[in-house]
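Below: one structure, written as structure tokens.
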């Protein structure tokens with residue numbers, strides 16, 4: 158499909174219903190100290206822990222590890238629940254995995270790299286904080302920002318052989334993802350972010366395919382307790398490559414000290430940025446549902 162951003166009725170009801178469900182649940186305050194740098198500016202009251210981790214599910218969140226903090230993330234996606242469920246033990250026998258490590262030399266910038274088993278893909282990325290939501294400034298000249306904003310960019314490199322047998326240049330294997338993350342924590346329980354997205358492919362399958370694809374990501378979080386939160390995300394695309402679908406996921410975050418465990422159900426097994434955004438062949442309507450998890454561990458001095 159092409160033209161305006163599109164979403165199926167089923168996906169829309171599912172996503173909106175998840176958010177509305179969050180409003181009906183009570184919650185408490187929490188603090189994810191390892192992922193938030195303590196700001197020393199005495200004139201500002203900054204908003205922290207808009208999301209519990211640096212990813213919502215597949216999508217990057219507004220959060221960055223604090224200055225001098227390293228983070229290691231393992232992502233795991235099992236096979237489809239409807240793919241010979243007893244034979245494959247509901248997908249447990251079929252899995253894709255991704256490893257990622259990043260480091261923040263300053264509180265406003267994070268740099269890292271990862272490797273996904275899907276298409277044997279390597280990626281390198283950076284996230285830069287541009288604005289930070291604040292309130293209750295203590296000086297008349299200070300300006301409060303109602304939102305947080307960050308830039309995220311990545312380059313992915315596919316290393317599997319080409320099926321056409323042609324000896325392609327290295328750059329033909331590279332794709333780029335650029336995102337602006339705009340987030341707001343509305344209160345202690347509810348957070349939402351919008352993520353305008355541009356994916357660029359150096360090489361596309363045919364002359365009829367576009368090198369540039371636009372999308373809009375939406376991520377939401379509802380905090381249940383100090384260490385428990387519900388999450389959901391969807392990536393809407395302006396142009397739908399054939400036989401691909403919007404990636405829609407729901408999950409639950411569990412914080413245990415320096416770890417964040419994220420368990421979720423999704424219609425997308427792919428984890429490299431450009432792949433989960435534009436190449437997802439799974440559909441909720443067709444029963445393509447995958448169990449997955451992310452586990453993150455932070456390392457401080």
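Residue numbers (our numbering): 158 to 458. All residues carry an ideal CB built from backbone N, CA and C; glycine is no exception.
Only counting the same chain, and skipping five residues up and downstream in sequence, which positions put a Cβ closer than 6 Å to that of residue i?
i, result
"residue 336", "309, 352, 354"
"residue 306", "287, 288, 339"
"residue 330", "314, 315"
"residue 359", "328, 329, 331"
"residue 369", "357"
"residue 333", "312, 357"
"residue 452", "231, 418"
"residue 270", "281"
"residue 317", "276, 277"
"residue 272", "256, 279"
Sorted by chain position, which residues of the same chain lie with C-beta nearer than 7 Å to residue i's C-beta, five sequence neighbours on each side aside?
i, result
"residue 214", "388, 390, 406, 408, 419, 421, 423"
"residue 303", "290, 341"
"residue 319", "325"
"residue 245", "236, 251"
Taking 7 Å as the threshold (C-beta atoms), are residue j and residue i in contact?
i, j, result
"residue 113", "residue 233", "Because the chain spans 158 through 458 in this model, residue 113 falls outside it and cannot be assessed."
"residue 442", "residue 410", "no"
"residue 373", "residue 393", "yes"
"residue 446", "residue 238", "yes"
"residue 210", "residue 427", "no"
"residue 256", "residue 454", "no"
Whose CA, out of the options, lies closest to the CA of residue i?
i, options, result
"residue 456", "332, 417, 207", "417"
"residue 362", "239, 323, 371", "323"
"residue 432", "312, 240, 229, 285", "312"
"residue 110", "208, 204, 356", "No information on residue 110 is available, as it lies outside the stretch 158 to 458 that the chain covers here."
"residue 381", "344, 243, 231", "344"
"residue 429", "319, 346, 281, 366", "281"
"residue 219", "283, 251, 235", "283"
"residue 279", "366, 201, 212, 254", "254"
"residue 216", "436, 413, 404", "404"
"residue 396", "203, 265, 435", "435"
"residue 206", "349, 267, 285, 367", "349"
"residue 398", "241, 265, 365", "365"
Could you pull out every residue in the same chain whose Cβ sits closer than 8 Å to the Cβ of residue i, ignoring the five residues on either side in sequence?
i, result
"residue 440", "402, 424"
"residue 438", "400, 401, 402, 445"
"residue 367", "361, 396"
With a threshold of 7 Å between beta-carbons, can residue i be considered close to chain D, or not?
i, result
"residue 440", "The chain inventory of the structure shown lacks chain D, comprising one protein chain alone."
Next item on the list: Examine the Cβ distances between the segment 257 to 264 and the segment 218 to 227 and report whether three or more of them are shorter than 8 Å.
Entry: Enough Cβ pairs lie closer than 8 Å, so yes.
Item checked: Sequence ranges, beta strand (DSSP E) only - wholly within the segment 291 to 351, length at least 3 -> Complete beta strand (DSSP E) runs here, min 3: 305 to 315, 331 to 342.
Item checked: Segments assigned beta strand (DSSP E), at least 3 residues, entirely inside the segment 190 to 245 -> Secondary structure within the segment 190 to 245: the beta strand (DSSP E) runs of 3 or more consecutive residues, fully enclosed, are 227 to 237 (chain order).
Next item on the list: Tell me the start and end of each unbroken alpha helix (DSSP H) in the segment 371 to 418 that is at least 4 residues and wholly inside, in chain order.
Entry: For the segment 371 to 418, not a single whole alpha helix (DSSP H) run of length 4 or above is found.
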